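Take 30 as the starting number for the sequence shown in the working numbering and just add one per residue. Quick reminder that beta carbons are idealized off the backbone N, C-alpha and C, glycines included. All values derive from a computational prediction rather than experimental measurement. The next block holds one structure in the form of structure tokens; read it before the comments.
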Amino acid sequence: MGQRIQIDTTTVVDRSAIFVTDRSLTGTDGEGFSSVADTDGVDTFPAKLAAELFEVDPALDRVYVDQNSVVLTRDGGWVDDVLESTRGVIGDFFLFYG
């Protein structure tokens with residue numbers, strides 16, 4: 030159930046990648062996290078998405094989610110396979126089965 034999130038654009042600038050999606054993931058305020066531990070006890074969509082992203086990619090230094098954008102900073106830069114797996118995590122975020 031749920032709908033897949035479409036990634037409209039992906040832009041890489043140095044160590045950061047900006048994923049612009051087709052829907053809002055936050056209210057008017059953005060949320061940022063520097064580790065999976067920062068997401069503990071935070072019951073918001075951005076915190077849950079950040080936790081999933083940190084678990085999938087241990088090289089992430091920072092996750093910032095603001096409205097329809099997800100900005101990730103990563104040690105070691107970005108390569109195509111990492112960008113693709115990250116798109117998958119974001120795209121599948123609202124999918125669940127019950």
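Quick one: is residue i buried, meaning 16 or more other Cβ sit within 10 Å of its Cβ, or exposed?
i, result
"threonine 40", "exposed"
"leucine 78", "buried"
"arginine 33", "exposed"
"glutamate 60", "buried"
"alanine 46", "buried"
"threonine 50", "buried"
Mind checking which residues open and close the beta strand (DSSP E) that includes residue i?
i, result
"valine 42", "36-42"
"valine 71", "It is not in any beta strand (DSSP E) - valine 71 carries neither H nor E in the DSSP assignment."
"aspartate 90", "89-95"
"serine 64", "Neither: serine 64 is in no beta strand (DSSP E) and is coded neither H nor E."
"arginine 33", "Unbroken run through arginine 33: none, as it is neither H nor E."
Span of the alpha helix (DSSP H) holding residue i?
i, result
"arginine 116", "109-120"
"phenylalanine 83", "74-85"
Leaving out five residues on either side along the sequence, give the residues of the same chain with a beta carbon under 7 Å from the beta carbon of residue i.
i, result
"glycine 106", "Arg44"
"glycine 56", "none"
"serine 53", "Gln96, Asn97"
So residue i and residue j are supposed to be a Cβ contact under 8 Å. How far apart are they, rounded?
i, j, result
"alanine 88", "aspartate 104", "5 Å"
Starting from the C-beta of residue i, find all residues in its chain whose C-beta is less than 8 Å away, skip the five residues before and the five after it, and write them out in chain order.
i, result
"glycine 31", "Phe123, Leu124, Phe125"
"aspartate 90", "Arg44, Ser63, Thr102, Arg103, Asp104"
Using a beta-carbon distance below 8 Å, is residue i in contact with chain D?
i, result
"aspartate 43", "Within the model displayed, chain D is absent; a lone protein chain is all it includes."
Can you find the residues in the same chain that come closer than 6 Å, C-beta to C-beta, to residue i, ignoring five residues on each side of it along the sequence?
i, result
"alanine 76", "Thr68"
Quick one: does the C-beta of residue i sit closer than 7 Å to a heavy atom of the ligand SAM?
i, result
"arginine 103", "Among the components modelled here there is no ligand, and therefore nothing to report on the ligand SAM."
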